[in-house]
Each structure stands twice: as structure tokens, then as C-alpha cells.
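> This note's numbering runs 96 ahead of the 1-based position in the sequence shown.
Ideal placement from N, C-alpha and C gives every residue a C-beta, glycine not left out.
Would you mind keeping the following structure in view while I ask a few things?
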Amino acid sequence: MSDHIHGHAVLDDVAPLGRALRRAIPDVYQGYVALSAAAMKPGAVDVKTKELIAIGIAIPLRCDARIAPHARAASKAGASRDEAAAAPGVAIPLNGGP
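Below is the structure:
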């Protein structure tokens, strides 16, 4: 199986945009970061499952800027390729198809 590098390219492309947005609206950005951190911390649902949910939501939305970091985070949280593939497999039909 070949290495997948698309995610790295996406992250490289969006990182400067995120930094620019953080400088333009620091209070809003700080609030977003706090909300995101609170939502993704472990609790009744573990981090791996939360990241798989995030992938399942981001793919039907076609949001590369969300798919790449959540795929990376899911992997770091212990998700397998099969688990990462299963998440959008559930989300896509529930969102009306591809």
C-alpha cells in the first residue's frame, strides 16, 4: 500500500490560513479552540470515537481542512484504517449520498 501524502499537503495549505484568521479575529478564534478542545477531550465517549465521528461528519461536507487533521488525530488515538473507512461509510448515506 502506498503512503498517503494528501493529508499533509492539505495541512500545509490550510495552516497559514488558520494563522491569518487567528490574527484577524483572536477572540473568536480563541473561543473556537476552547470549544473544540472541550468537545474532543475524553469523557463518556473516548477520543478515538470522537475523532471517527468528526471524520464521518467532515467527509460528506467535503471539508479537506477538517478531514486531514481529524484523520491524523484518529490515527494518533489508535484508530485503524478500517475504522477510519467505516466512519464515512455510515455518514455518507445518512447525509443523502456522496
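Please give me, in chain order, every unbroken run of the alpha helix (DSSP H) with length at least 4 that falls completely inside the stretch 132-191.
143-157, 160-172, 177-190
> Could you name the residues of the same chain whose beta carbon sits closer than 6 Å to that of Val110, not counting the 5 residues immediately before and after it, in chain order?
Start at 1 with the first residue of the sequence shown, and residue 110 comes out as number 14. Here the set comprises Ala161.
> Taking the straight line between their C-alpha atoms, what separation do you get for Ala134 and Ile149?
Walking along the sequence shown from the start, residue 134 turns up at place 38. Walking along the sequence shown from the start, residue 149 turns up at place 53. Near 15 Å, if we compare the C-alpha coordinates of Ile149 and Ala134.
> Less than 7 Å separating the beta-carbons of Ala173 and Lys144?
As a working mapping, residue 173 is identified with position 77 in the sequence shown. As a working mapping, residue 144 is identified with position 48 in the sequence shown. Their beta carbons are under 7 Å apart, which means Ala173 touches Lys144 by this criterion.
> Spell out whether any CB of chain B is found under 7 Å from the CB atom of Gly185.
Among the protein chains of the structure shown there is no chain B, as only one such chain exists.
> Quick one, are the C-beta atoms of Ala182 and Ile151 less than 7 Å apart?
By one-based count along the sequence shown, residue 182 stands at place 86. By one-based count along the sequence shown, residue 151 stands at place 55. One thing to note: Ala182 has its Cβ no nearer than 7 Å to the Cβ of Ile151.
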